[in-house]
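Numbering (the UniProt record's numbering), first residue to last: 1 to 190. The next block holds one structure in the form of structure tokens; read it before the comments.
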């Protein structure tokens, strides 16, 4: 009898903890993509992020909310398909000194239900690139079903805001634009 009571109490405590702290989801890389899009004096370009990890915590007890979000990108996993462009990107990102790009949620500013299982969210977080941390606000679409959550959106930033020099090539005749857009569709599973 004592053993059954102990199991019941432990089950209730675990249930309460999940309700208070929310459910943690881990990224499903095979169904996720992160791209960096930019311009240059010659043509538009993009790079795919090949190595990243992320965790998302959702509180779905009273009002649906995002309580934690962390994203870590290996900076030298940005891949353009062109070795010179990759090299210039890694130099601009100062990857030898700062190997990762990080985003950590600070707060959920707003969340609006669009329809069942779909929300528009405005999140505030710290984005660290090339060793420089800036607080940003990002608007995204959040889609929830029984076992997964999908986040979709994009954010335009300026390289110079992160003390990066936009890359140049061919003795400065080819220049990249200061603005880049980070575009993402990330899938998280329980």
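Ideal Cβ placement from N, Cα and C applies to all residues, glycine included.
- In this model, residue 41 and residue 169 are separated by some 10 Å (Cα to Cα).
- For residue 89, the uninterrupted alpha helix (DSSP H) run begins and ends at 83-93, by DSSP.
- Residue 188 and residue 28 have their C-alpha atoms some 5 Å from each other.
- In the DSSP assignment, residue 68 falls within the beta strand (DSSP E) that extends over 65-74.
- With a threshold of 16 other beta carbon atoms within 10 Å, residue 100 meets it and is buried.
- For residue 40, the enclosing beta strand (DSSP E) has its first and last residue at 33-40.
- Ranking 163, 36, 25 by CA distance to the CA of residue 183 puts 36 first.
- Rounded to the nearest whole angstrom, the CA to CA distance from residue 65 to residue 22 is 9 Å.
- DSSP places residue 147 in the coil class of the three-state scheme, outside both helix and strand.
- When the alpha-carbon of residue 95 is set against those of 84, 105, 75, the nearest one is in 75.
- Linking residue 124 to residue 82 through their CA atoms gives a straight-line distance of about 34 Å.
- Judged by their CB atoms, residue 151 and residue 118 are not nearer to each other than the 9 Å cut-off.
- Here residue 162 is not bridged, per DSSP, to any residue.
- The three-state secondary structure of residue 62, taken from DSSP, is coil.
- Ranked by Cα distance from residue 155, the options 146, 181, 163, 85 are led by 181.
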